[in-house]
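Chemist: Numbering (UniProt numbering), first residue to last: 1 to 152.
Glycine is no exception: its CB is placed at the ideal position from the N, C-alpha and C atoms.
Here it is, the structure, as structure tokens.
Laid out in structure tokens, this is it:
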């Protein structure tokens, strides 16, 4: 199937923003407010609370797991593509930060993790519908090593 875009119809511009995160433990605690504020300003209405509840803990986990011995701050980047109901979140380490990875592009930054969430409203019989959100995380969380506590 081929999709041909309509002529003379402007493409919607995605909403996006970048927020520097404070150092240390304060970075984790600031994430929820940033996510909720951005989604509210971008006009997601009733989906704001649900998406914040799904996305913020994942981003908080990524920020908490970022190697604390590396110098430099982290940056949270959010991007909303409304027509396709896709919300992207990235945790980046700015390119100029000491301890960057070899071969890193200057000024672009190192991607610590990326999170994608699709959301919407499913029609349900005798109801106005049910909200849903599907979340994907890259890279996936490390699996437990066999023979260590917590592994099967």
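#1: Using a Cβ-Cβ cut-off of 8 Å (strictly less than) and excluding sequence neighbours within five positions of residue 23, which residues of its own chain qualify?
#2: DSSP three-state label for residue 73, please.
#3: Following the continuous beta strand (DSSP E) through residue 88, name the residue where it begins and the one where it ends.
#4: Taking the C-alpha atoms as reference points, what is the distance between residue 31 and residue 116?
#5: Assuming residue 137 and residue 113 are in contact, meaning their beta carbons sit under 8 Å apart, how far apart are those beta carbons, in whole angstroms?
#6: Along the chain, where does the beta strand (DSSP E) that runs through residue 18 open and close?
Modeler: So, from the data block:
#1: Residue mapping note: residue 23 aligns to position 23 of the chain shown, counting from 1. For residue 23, where only same-chain residues beyond five positions count, the Cβ hits under 8 Å are 73.
#2: Mapped onto the chain shown, residue 73 falls at position 73. Under the three-state reduction of DSSP output, residue 73 falls in the coil class, being neither helix nor strand.
#3: Locating residue 88 in the chain shown gives position 88, where the first residue counts as 1. It spans 86-93 - the beta strand (DSSP E) in which residue 88 sits, taken as one unbroken run.
#4: In the chain shown, counting from the first residue as 1, residue 31 sits at position 31. In the chain shown, counting from the first residue as 1, residue 116 sits at position 116. Take the alpha-carbon of residue 31 and the one of residue 116: they are about 16 Å apart.
#5: Taking the first residue of the chain shown as 1, we reach residue 137 at position 137. Taking the first residue of the chain shown as 1, we reach residue 113 at position 113. The beta-carbon distance between residue 137 and residue 113, rounded to whole angstroms, is 7 Å. This is short enough to meet the 8 Å contact definition.
#6: Counting from 1 along the chain shown, the entry for residue 18 is found at position 18. Counting along the chain, the beta strand (DSSP E) containing residue 18 begins and ends at 15-21.
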